[in-house]
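Report on one structure; see the data block that follows.
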Amino acid sequence: MKSRYSYCPILEMMRLGRPGVDCYCQHETGAAVLQLVFLINEGALVTACADDTLHLWNLRQRRPAILHSLKFNRERVTFCHLPFQSKWLYVGTERGNTHMVNIESFVLSGYVIMWNKAIELATKTHPGPVVHLSDSPKDEGKLLIGFESGTVVQWDLRCKKADFRIYYDEAIHSVSWHHEGKQFMCSHSDGSLTMWNLRNTTKPFQVTFPHGKIQRDGRKESCKPILKVEYKTSKSSEPFIVFSGGLSYDKAGRRPTLTIMHGKAITVLEMDYPIVEFMVLCDTPYNNEVQEPSAVVVLLEKDLIVVDLTQSNFPVFENPYPMDVHESPVTCTAYFADCPPDIIPILYSIGAKHKKTGYSQKEWPISGGLWTLGSNTYPEIILTG
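The letter at position 116 of the sequence shown is residue 116 when you use the UniProt record's numbering, and the numbering goes up by one with no holes.
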């Protein structure tokens, strides 16, 4: 079962979607979690599950609970997007249609962007599932829709028509806006990144193969798909381009990688486990402001790491607690009650003495929330193996 996560930049909190995490909310159906979307700064979360059901969770109460659920009976959900401070959740489907859900009532709107209306009527070829949805940083009334086949459409929600359509010959995996809303970047199945300018959408103004070297015969190396890209701007430096995948096929035996492009420098970070998802943490929740990226959270199949983007060597943060979210089954446990009051501080001090070198010196960036005090007045310890 896949894992997914979501981050709230204001509360500095993160949610992981995976049965088996130490503290978790679980759907009664046990369906896999495909996507999680925070209602930023509102203490709520939307989960999209493999059974094509959307759930709205209330996180403001002591025990999180589902407020509303919405089942799609005739279409498979493929992508969800909730603009900051919007009351509309956009839901893309396998059929290529885009539905709208009122986030307050959790009821479907009658307004549906049908795939055959989004593309030109003369084009009879189905564009494939919706793989991306995002609102334009320049105008929240414009919705960018990315289809798997390589088609991208900007839809005017008020006028109910397309502003422009892009037909590209490589499948799209992800899309990321520049904060000014004048251009965006796409990642493709051939290991390329394309940059598009809204002034001229007939062709990309830049095509790059970050890991595709020119061979002796003049041809480029074949590369794996770039599964996700994030394009983030900074006031004090060049933009950051972060992506997963894209290595040439002759490097197939290498470990999974995350690539960070900053100016002319390309840094490839090798991971111990396959990358499930990653997310760039930024200082602002507004997509029309300079993003100022500070870190990248990378969810691996058996770990979670955070990379510091503020230092040129991109060190990782030392995890404040074990992050093995896909841990092996516990086979033995022991419980000790009414422990000596000084034993827990001693355990902490022992752990502090063995700090590893090479980590970022900054504080762990996911710091939202507060611990609640337990009802017990005596120290207790649980050991597991």
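Just so it is clear, CB atoms sit at the ideal spot from N, CA and C, and this is done for glycine as well.
Backbone secondary structure at residue i - three-state DSSP
| i | result |
| --- | --- |
| isoleucine 381 | strand |
| proline 293 | strand |
| isoleucine 344 | helix |
| tryptophan 196 | strand |
| aspartate 250 | helix |
| asparagine 102 | strand |
| valine 21 | Low local confidence applies: a pLDDT of 42 at valine 21 is under 50, so the model's placement there is unreliable, with the coordinate-based value given in what follows. In this structure, valine 21 counts as coil in the three-state DSSP scheme. |
| isoleucine 350 | helix |
| tryptophan 364 | coil |
| lysine 161 | strand |
| phenylalanine 79 | strand |
| phenylalanine 40 | Checking the displayed sequence, the identity of residue 40 turns out to be isoleucine instead of phenylalanine. Residue state, collapsed to three classes: coil. |
| glutamate 170 | coil |
| alanine 265 | strand |
| serine 134 | strand |
| residue 386 | Because the chain here runs from 1 to 385, residue 386 falls outside it and cannot be looked at. |
| glutamate 270 | strand |
| cysteine 339 | coil |
| aspartate 156 | strand |
| histidine 179 | coil |
| leucine 299 | strand |
| glutamine 35 | strand |
| threonine 124 | It should be noted that the sequence gives lysine, not threonine, for residue 124. Correct three-state label for lysine 124: coil. |
| residue 474 | An answer regarding residue 474 cannot be provided, because it is not within the stretch 1 to 385 covered by the chain. |
| glutamate 277 | strand |
| lysine 220 | strand |
Neighbourhood of residue i by C-beta distance below 6 Å, restricted to the same chain and skipping five residues each side
| i | result |
| --- | --- |
| alanine 334 | Leu383 |
| arginine 62 | none |
| phenylalanine 164 | Gln154, Thr201 |
| valine 330 | Thr384 |
| arginine 60 | Gly43 |
| tryptophan 88 | Met100 |
| aspartate 52 | Phe72, Arg76, Val77 |
| isoleucine 305 | Val298, Val316 |
| threonine 357 | none |
Bounding residues of the beta strand (DSSP E) (the contiguous stretch that carries residue i)
| i | result |
| --- | --- |
| lysine 228 | 226-232 |
| tryptophan 88 | 88-93 |
| asparagine 58 | 53-58 |
| threonine 331 | From DSSP, threonine 331 is part of no beta strand (DSSP E); its letter is neither H nor E. |
| phenylalanine 240 | 240-245 |
| glutamine 215 | Looking at the DSSP string, glutamine 215 is not in any beta strand (DSSP E), and its letter there is neither H nor E. |
| serine 149 | Counting along the chain, serine 149 falls outside any beta strand (DSSP E), and DSSP gives it neither H nor E. |
| residue 429 | Outside the shown range of the chain, which is 1 to 385, sits residue 429, and nothing can be said about it. |
| leucine 309 | Looking at the DSSP string, leucine 309 is not in any beta strand (DSSP E), and its letter there is neither H nor E. |
| methionine 185 | 183-188 |
| glutamine 206 | 206-208 |
Residue-level contact to chain B via CB, residue i, 9 Å cutoff
| i | result |
| --- | --- |
| glutamine 26 | Absent from the structure is chain B; it holds one protein chain and no more. |
Residue range of the alpha helix (DSSP H) that includes residue i
| i | result |
| --- | --- |
| asparagine 287 | No alpha helix (DSSP H) contains asparagine 287, which DSSP labels as neither H nor E. |
| alanine 118 | 115-118 |
Same chain, Cβ closer than 8 Å to residue i, neighbours up to 5 away in sequence not counted
| i | result |
| --- | --- |
| proline 274 | Pro256, Leu300, Glu301 |
| lysine 228 | His173, Ser174, Ser187, Phe243, Ser244, Gly245, Glu277, Phe278 |
| aspartate 308 | Ser294, Ala295, Phe314, Pro315, Val316, Phe317, Ser360, Lys362 |
Sub-9 Å separation of residue i and residue j beta-carbons
| i | j | result |
| --- | --- | --- |
| methionine 185 | leucine 198 | no |
| methionine 279 | valine 297 | yes |
| tryptophan 364 | asparagine 313 | no |
| phenylalanine 38 | histidine 68 | no |
| glutamate 140 | alanine 171 | no |
| leucine 45 | tryptophan 57 | yes |
| serine 136 | tryptophan 196 | no |
| valine 130 | isoleucine 119 | no |
| lysine 138 | aspartate 156 | no |
| glutamine 26 | cysteine 80 | no |
| histidine 262 | proline 285 | no |
| tyrosine 102 | serine 109 | In the sequence as displayed, the identity of residue 102 is asparagine instead of tyrosine. Yes, they are a contact pair. |
| isoleucine 66 | histidine 55 | yes |
| leucine 281 | leucine 269 | no |
| proline 83 | asparagine 287 | yes |
| valine 91 | alanine 48 | yes |
| serine 234 | glutamate 292 | yes |
| threonine 98 | leucine 133 | yes |
Sequence-distant residues of the same chain with beta carbon closer than 7 Å to residue i, five excluded per side
| i | result |
| --- | --- |
| lysine 224 | Gly191, Gly245, Gly246, Leu247, Tyr249 |
| isoleucine 166 | Thr151, Val152, Trp196, Thr201 |
| arginine 95 | Glu75, Trp115 |
| glutamine 311 | Ser360 |
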